[in-house]
Amino acid sequence: MDLSYTPQQDAFRAEVRAWLRAHVPAHPLPSFDTREGFEAHRRWERELNQGGYAMVPWPVEYGGRGADLLEWLIFEEEYYAAGAPKRVNQNGIFLLGPTIMEYGTREQKTRFLPRMAASDEIWAQGWSEPNAGSDMANIQATAVRDSGDYVINGQKTWASRGAFADWLFGMFRTDPNTERHRGLTFILVPLSLPGVTVRPIDQLDGLPGFAEVFLDDVRVPVENRLGGEGQGWQVAMATAGFERGLMLRSPARFQETARRLIALYRAHRESADSAIADIAVDCWSQAEAYALETYRTVSRLLGGAKIGSEASLNKIFWSELDLRMHETALRILEERGQLLPEASAAGDVGTWLDGYLFALSGPIYAGTNEIQRNIIAERILGMPR
Amino acid sequence: MDLSYTPQQDAFRAEVRAWLRAHVPAHPLPSFDTREGFEAHRRWERELNQGGYAMVPWPVEYGGRGADLLEWLIFEEEYYAAGAPKRVNQNGIFLLGPTIMEYGTREQKTRFLPRMAASDEIWAQGWSEPNAGSDMANIQATAVRDSGDYVINGQKTWASRGAFADWLFGMFRTDPNTERHRGLTFILVPLSLPGVTVRPIDQLDGLPGFAEVFLDDVRVPVENRLGGEGQGWQVAMATAGFERGLMLRSPARFQETARRLIALYRAHRESADSAIADIAVDCWSQAEAYALETYRTVSRLLGGAKIGSEASLNKIFWSELDLRMHETALRILEERGQLLPEASAAGDVGTWLDGYLFALSGPIYAGTNEIQRNIIAERILGMPR
Amino acid sequence: MKFDFSDDQKLLQQTVRDFLAGECAPDAVRALWSTETGRSRALWKQLAEVGLVGLLVPDSHEGMGLSEVDFVLLCEEVGRAALAEPVIATAAVGAPLVAELGGDLAARWLKPLAVGEAIVAVGHPVSPFVDDAHVADLLLLERDGELHAVAPGSARLTAQPHTDPARRIAAVEFDPRSETCVASGAQARHLLDSALDRGALAAAAQLIGVCDRLVALAVAYTTQRVQFGVPIGSFQAVKHALADVKVKLEYARPLVYRAADSVARGIAQRSVHVSMAKVAAAEAAQRGARAALQAHGAIGYTWEQDVHIWMRRAWSLDQMWGIQRFHRARMAAFALAPDAPLGAGRTFI
Amino acid sequence: MKFDFSDDQKLLQQTVRDFLAGECAPDAVRALWSTETGRSRALWKQLAEVGLVGLLVPDSHEGMGLSEVDFVLLCEEVGRAALAEPVIATAAVGAPLVAELGGDLAARWLKPLAVGEAIVAVGHPVSPFVDDAHVADLLLLERDGELHAVAPGSARLTAQPHTDPARRIAAVEFDPRSETCVASGAQARHLLDSALDRGALAAAAQLIGVCDRLVALAVAYTTQRVQFGVPIGSFQAVKHALADVKVKLEYARPLVYRAADSVARGIAQRSVHVSMAKVAAAEAAQRGARAALQAHGAIGYTWEQDVHIWMRRAWSLDQMWGIQRFHRARMAAFALAPDAPLGAGRTFI
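Residue numbers (my numbering), protein chains in the order written: chain A, 1 to 385; chain B, 1001 to 1385; chain C, 2001 to 2349; chain D, 3001 to 3349.
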């Protein structure tokens, strides 16, 4: 056991910190779930890319830094500590990009990765369909081979970033005689094509954080297939796999929320309910536990271990913690906690309400917590199905 | 709505209070899960009976007071407020007695009720079998008709009071070609008969609060059958029905626990965690809610309403409240809370630990809380099976 | 001893429920969200005709002269429908307060209030904001322990946009003058206490209705939504979460009904009873909101699905007429007092 | 940066696990419950041979000279086996304390302690009682900030029977004299702080093992117990309750392992790290105890079923070396300080 950083890691941290200090916008960008905010975040992604920080974990050959998971954690710590913008390009850089590196042809790598890195093409996720939510294998959208094209029909939903994104990735049923996990193919679809209708869906904050995508005889060339025909589930599992999830839910976010919660409590300690102190401190300790467990997992991964269903433990822990922290903050804020940011009496408290609305999605997206509990019980504890 | 008592009810309360003040033992009796305590409690039941308070809700013709449910609640309030002993005879007086009145023949009433009233025969419950716990209809013990007798074979378990009781009631399969709820017959079995082996089972407090009862070619006369052959499930449902449950779990018990909890907090308020005050007060409010809901239910019953699955709401509420109150008390007591009553440092706190152990059984017995939640979802909310 | 409502009371509840099912369906709620005031004078007039508005106003002033026991079931229906008109501000609190103030104020305002032609909003020290001040014809505002009757034109309102689009609140500034003062000292304290009890009781009753509706929405959705070949409502995880809410709800209910009786009868412990009711109802509704959202999954997370209408009501009503912390403190002050009447047999005594 | 144990450390853990599976099966635990001391000198000697007892004792005194990082996994095994010997009193706390005291005391006691021939018990102000004093050959007792070495014969022990038959504690009275005083002032404070950190860390690690075992027992039972024609472990309600415990457990674990490293390295925040570990492990074990009992149903409520062996360990270890409230207060004092190093990137700095 060695819980200290190498000089190289310390140097990397210092370098990241210095760059962020010089570049992070002084004022928060508008939400990337607005057209204006989306483009502002695209510009930020480009700035990151120019600084060499857009694709930190990508291999050097693709323009990344070849950072290992530990360096990634360090980068994220500095990124969140600096209060830098949310990553509008994360579907591409952290989910699809590594999958293209693993499953893509040389042509696909050349075609997609540079434009992804430059944020010229921003990606939407297309995992769900109206009848394939928790039951993700129940996909019904079809892709029928017609000479050099796939002709796609069907509907995707809850496509995050779908309202303003340029491309969508998802699974389609290429073999009509199959069911569930078999006969699915992973295909990349430009959202600008004829036959594509994007219907933005407003979320609880009133902004279109996801979209329905209707596909009506949409023709994409076979070259847009990632992996083999019928191999879609396998490609998807790589995309949604543990390491990718770890990149999206690095502990830094929750540690910063915990820090802000403690600061909020301290600012209100005269008026706040004394039981709140215990809760805030407990949240901080849990955020630390999450960070420690992440480092432990990364150590094991770097040591060659395989991580699978443990991701379900992870999902439940961070989503419940995030919700609890925001609930606690709203309790501290009392009547002001429910005001919209533009209310004159809201002062600077409005971000907690936004954060709470976002936290409410935690136990739902990326596999509901109910599904995760099933996985823990059946695959980790070995209980009967 | 009229939330006040009649002068008659006030007078009844005063009368009960006066009698209890004169008769309740000054020192707690030993636990009725010991032979000595069992007999001490039997003597107390006889004293209650001589005072006319053993069978308060029984009709006058059977030696009771013909009290309605409101008077019963009043009696219970006074009984708990007086700190009177637990009722060792409750399986008889509140469960089996009324069932005999409903289903019994004239001979059975004459045979069983007076001896029950006099506590000459104390009853054990025999609901469960090793393979019929939550799945109560899965009864396998058989009763085979042989001229004027039933010959009983099988095993009952978790028979409460079984270690020292005189008789047991339960269901037996009289028709070997039936399954589940059908073909069961309700039979009364003397535990003194040849072929009966009672194996007391120690509970978490180390005392035999229940027993396994092995029945090996036990012969009981057909006259011991309550209700018709094959009618056992119906008789059992009457025995375990809502009003009986209400008699066993009257709010007074929980209100007194809440009162003691608040007093305990007050005695330790200098040292106790401030969050505890909120919890203790919340428990008190919940105990009041339980009392109010009981009065409301009784009002509706007296007004002719039928109460069914609501008993499941009731079960979850009191069992979780009881556990929470005892957990809170143990938190207040810190290191002393886990000492046995005989420890010199325990002082008078030992009853909270005993109460906690008992409270732990609440979510398990009389239908686990998991079963109750199923019932609420399916029968009250109408969710799909 | 009869802890139940009369047939007349239940009938009136059913009438209001039917009326609101027709006039205040989710589409109507959403339509009002997007208007400037979020309120409809036409709907308010209709509510007055059903009897909701003037129920607590003496019949000498065109009211129904009924009590909080009659009113509480109607408030439940208001919550069930997510009706956002000034039911609490005017019907539950403002009109009875005007009646208690009496004199010229009552002569001038009580009848128009009772028949739905005027709206009164009340600024109470329990909250930094005033609900429905933006549509009020009369403002009753506390300042330094005095109660002032203020014309809307002479107060400065700053609207405070809220996460519940149905809740319309404002920070209100005004210049208290001796002419505006309508009560002071012990009288003002007493009136403010009564206002708080009525307001919190009405909010608690609405929360019961809100929670009931949230459970109903979740049951309906999970019964028809199929995944893995079965309705998701057949999964125990979904069932048990909703069953737990149902337990909370059904044990908040008697506290609310008892509080209504205590307020109506003016018994000494009415404020504590109101606080017990408000806390329990708010907790049930918060649990209901979480469980209903989770049961709906992603679709519940959208603006277009209706579940958030009631989720936001649960949040905002929780804070109206006293946040939980305020009410818990009142409960603690009572229950932790050395001579508190606790234990079996003290519930109704 | 490597947050993982070495192969050697894991191997030693496996050795101790195998040893305890053989020598400390549930029947052996129960057999010791009913003896007067509840302890076995023979078993203790064997434990010393496996390396458990003298692990933290310098090798100059026949110990293994290893660290808390090596020790923590073994404590986990002690919890998993519900072993009740004085592992905390002597191996985790007492022997290292004697080593730190040094001098004649160490010369006299350290070797017999390391090889399992002597037992030391420690009376610390964090608890009103002393664990394992009844079998101790040496008592180290705090009084008024001083540390005294007392022979058992000159102290008055009053056994305090406990709901966990494996826990044997006593109220201890003695007459402090200048000859018995072995440390005072800053030195005593420092030693007492170290003792507390080691004791609480060892208890936390045991709680991890206890919780793990409780989950394993519940999984095993619900997998074989059939009701309604299926194993009850196939019901979502049972699955999810145990899954929730598993989450708590797996996020308590890294706090415990980190605390071990912090104590071993003597870093400044070690006491806070220990408190975080103790609280998280205790919470996980309490949840585990409730869930495991409930999963077993009536059979779990019996004395003869084994689940309560670990349930009682969860209860008693929760109170050993600081109740949760004590540790939460230490955490709060750290995290709520104005200059507390919170937020991303501060975990290891």
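Just so you know, even glycine gets a beta-carbon here, dropped at the ideal spot from N, CA and C.
Quick check on residue i: does DSSP put it in helix, strand or coil?
i, result
"G126(A)", "strand"
"D1354(B)", "helix"
"E1342(B)", "coil"
"C283(A)", "helix"
"V3307(D)", "helix"
"V3178(D)", "The question names Val, yet the displayed sequence has Ser at residue 3178(D). Residue state, collapsed to three classes: coil."
"I2169(C)", "strand"
"E212(A)", "strand"
"M1171(B)", "strand"
"S160(A)", "strand"
"G2123(C)", "strand"
"I3232(D)", "helix"
"Y1290(B)", "helix"
"Q2319(C)", "helix"
"D1002(B)", "strand"
"D3339(D)", "coil"
"K1109(B)", "helix"
Using only the alpha-carbon positions, how far apart do residue i and residue j sit?
i, j, result
"Y5(A)", "G3345(D)", "11 Å"
"Q2236(C)", "A359(A)", "24 Å"
"D3027(D)", "D3212(D)", "19 Å"
"A2337(C)", "K2248(C)", "27 Å"
"L3055(D)", "A3107(D)", "17 Å"
"Q1090(B)", "R1046(B)", "13 Å"
"V2210(C)", "A2095(C)", "24 Å"
"R232(A)", "I187(A)", "Contrary to the premise, residue 232(A) reads as Gly rather than Arg in this sequence. When rounded, the distance between both Cα atoms is 8 Å."
"E1036(B)", "L1029(B)", "9 Å"
"L381(A)", "L3147(D)", "47 Å"
"T3158(D)", "R3313(D)", "22 Å"
Around the C-beta of residue i, are 16 or more other C-beta atoms found within 10 angstroms, so that it is buried, or is it exposed?
i, result
"I2349(C)", "exposed"
"V60(A)", "exposed"
"M237(A)", "exposed"
"Q203(A)", "buried"
"A3295(D)", "buried"
"H3190(D)", "exposed"
"K3278(D)", "buried"
"F190(A)", "The residue you asked about is not Phe; residue 190(A) is Pro in the sequence shown. By the 10 Å Cβ count, P190(A) comes out exposed."
"H1041(B)", "buried"
"N177(A)", "exposed"
Could you check if residue i belongs to the surroundings of the ligand HEM, using beta carbon to heavy atom distance under 7 Å?
i, result
"E77(A)", "With respect to small molecules bound, the structure shown includes none, and the ligand HEM cannot be examined in it."
Using a Cβ-Cβ cut-off of less than 9 Å, list which residues of the region 1264-1286 of chain B approach chain C; keep chain order.
Those would be Y1265, R1266, R1269, A1277, D1278, A1280, V1281, D1282, W1284, S1285 and Q1286, in chain order.
Short of 8 Å Cβ to Cβ, which residues in the region 3230-3257 of chain D face chain A?
Within the region 3230-3257 of chain D, the residues whose Cβ lies closer than 8 Å to any Cβ of chain A are, in chain order, V3230, P3231, G3233, S3234, Q3236, V3238, K3239, H3240, L3242, A3243, D3244, K3246, V3247, E3250, Y3251, A3252, R3253, P3254, L3255 and Y3257.
So if I threshold CB-CB distances at 9 Å, which residues from the region 1133-1158 of chain B count as touching chain D?
Hits within the stretch, in order: G1133, S1134, D1135, N1138, T1157 and W1158.
Pairs of beta-carbons, one from the region 3331-3347 of chain D and one from the region 69-78 of chain A, closer than 8 Å: are there three or more?
Of all C-beta pairs linking the region 3331-3347 of chain D to the region 69-78 of chain A, three or more are shorter than 8 Å, placing the two stretches in contact.
Contact between the region 2222-2235 of chain C and the region 2109-2117 of chain C (3+ Cβ pairs under 8 Å)
The region 2222-2235 of chain C makes no contact with the region 2109-2117 of chain C; the number of CB pairs closer than 8 Å stays below 3.
If contact is defined by three or more beta carbon pairs under 8 Å, each pair taking one atom from either stretch, is the region 3180-3198 of chain D in contact with the region 3140-3150 of chain D?
Short answer: they touch.
Along the region 310-342 of chain A, what residues have a CB closer than 7 Å to any CB found in chain C?
Per Cβ criterion, the list reads E334, E335, Q338, L339, L340 and E342.
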